[in-house]
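Per our numbering, the very first residue in the sequence shown carries number 24; after that it's consecutive.
The beta carbon of each residue, even a glycine, is placed where N, CA and C say it ideally should be.
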Amino acid sequence: MEFNLGKELGATEEPSAQRLTLYIPNKDRHGELIEGHQGWCTEAQELLTAIGDGATAFPPVDGTWRKPDGSDLWEQTKIVYTYIDPDKLVLCQTLILGSTPSANRGVLLGFRSLQPEVLGLTQH
24 MEFNLGKELG
34 ATEEPSAQRL
44 TLYIPNKDRH
54 GELIEGHQGW
64 CTEAQELLTA
74 IGDGATAFPP
84 VDGTWRKPDG
94 SDLWEQTKIV
104 YTYIDPDKLV
114 LCQTLILGST
124 PSANRGVLLG
134 FRSLQPEVLG
144 LTQH
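Put into structure tokens, the structure is as follows:
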């Protein structure tokens, strides 16, 4: 028996096969609360909405990661995701959310649209 879920639900387009997920912790690598965390979450959701024409954000969840000294850092992490068209996105080395190395984040990942004016951004 063949069953086409998209057709049964009335979908008019093929789904995007790629999901872009951002994990936004509330603490830096030293365990200090990140100032303006909610603003970062809002910016991330706005950015992913621009990239994927919609985004979903989960309430904070418990997260941990092992620090280089072997201790564990416990944090509240907000997860924001969107489904993307890979042709609309290019990985780059610049984080467009305005972070700098002094922000004490463990890992940073940045993205730039092929059409930065869509996101209200300028290319670096």
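- For T105 and L96, the gap between their C-alpha atoms comes out near 27 angstroms.
- With fewer than 16 other Cβ atoms from the protein chains shown falling within 10 Å of its own Cβ, P82 counts as exposed.
- Judged by DSSP in its simplified three-state form, A80 adopts strand.
- Close CB contacts of A78 within its chain, under the 7 angstroms cut and outside five residues either way in sequence, are with Q68, L71, T72, V103, Y104 and T105 (chain order).
- Taking each of K101, Q99, T100 and K90 in turn and checking the Cα distance to R52, the smallest one comes out for K90.
- Taken in chain order, the unbroken stretches of beta strand (DSSP E) that lie wholly in the segment 43 to 110 and span 3 residues or more are 84 to 89 and 95 to 107.
- With a threshold of 16 other beta carbon atoms within 10 Å, E58 falls short and is exposed.
- Bounds of the alpha helix (DSSP H) holding G29 are L28 to L32.
- In this structure E55 is exposed. Its beta-carbon is surrounded by fewer than 16 other beta-carbon atoms within 10 angstroms.
- Between the alpha carbons of F26 and I47 lies a gap of roughly 38 angstroms.
- Between the alpha carbons of K101 and T35 lies a gap of roughly 31 angstroms.
- For E98, the number of other beta carbons within 10 angstroms of its own is at least 16, and it is reported as buried.
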